[in-house]
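Counting from 1, position 76 in the sequence shown corresponds to residue 78 in the working numbering; the numbering is continuous, with no gaps.
Glycine residues also receive a C-beta, built at the ideal position from the N, C-alpha and C atoms.
Predicted model, so just to flag it, every value in this text is computed and none were measured.
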Amino acid sequence: GILKPDIEWYLSQQILPPISRLCECIDGTSQAMIAKKLGLDASRFNLRHGSTEIDDNSLVKFTPASFLVDTERFKDVDKLLITCQSCSTSNELKGVFTVG
Numbered sequence: 003g004i005l006k007p008d009i010e011w012y013l014s015q016q017i018l019p020p021i022s023r024l025c026e027c028i029d030g031t032s033q034a035m036i037a038k039k040l041g042l043d044a045s046r047f048n049l050r051h052g053s054t055e056i057d058d059n060s061l062v063k064f065t066p067a068s069f070l071v072d073t074e075r076f077k078d079v080d081k082l083l084i085t086c087q088s089c090s091t092s093n094e095l096k097g098v099f100t101v102g
């Protein structure tokens, strides 16, 4: 016979978990809401402790990288050195918007 994929299983087991992990830091999202958007039964994915409200006291303190100052944000990044092919002198490229 012809095998047919179990689309509900695929969505709930393979698609929903990674999407939920990626979106969990976005305020107002929940696994149940994402499940509903995927066409799944949202009641199966409500939070286990019975509430979908966000408790500000239990949130992890997270600062997006875009909010950090550049020196902190790029502290582990190697400097970009450009080497002249003629004289073999290396110069640091500080950026196209850097003055001086």
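If you check the beta carbons only, do residue i and residue j fall under 8 Å apart?
i     : j     : result
Leu82 : Leu95 : yes
Leu18 : Ile36 : yes
Helix, strand or coil, according to DSSP, for residue i in the structure here?
i     : result
Gln15 : helix
Ser22 : helix
Ile36 : helix
Thr91 : coil
Ile84 : strand
Asp72 : helix
Phe47 : helix
Ile9  : helix
In or out: residue i buried (at least 16 other Cβ within 10 Å) or exposed?
i     : result
Cys45 : Note that residue 45 is Ser in the sequence shown, not Cys. Its Cβ having fewer than 16 others within 10 Å, Ser45 is exposed.
Arg23 : exposed
Leu42 : buried
Cys33 : A quick correction: the sequence has Gln, not Cys, at residue 33. It is buried - the Cβ of Gln33 has at least 16 other Cβ atoms within 10 Å.
Would the beta-carbon of residue i be found less than 7 Å away from any heavy atom of the ligand NAP?
i     : result
Cys89 : This structure lacks the ligand NAP, and indeed carries no ligand of any kind.
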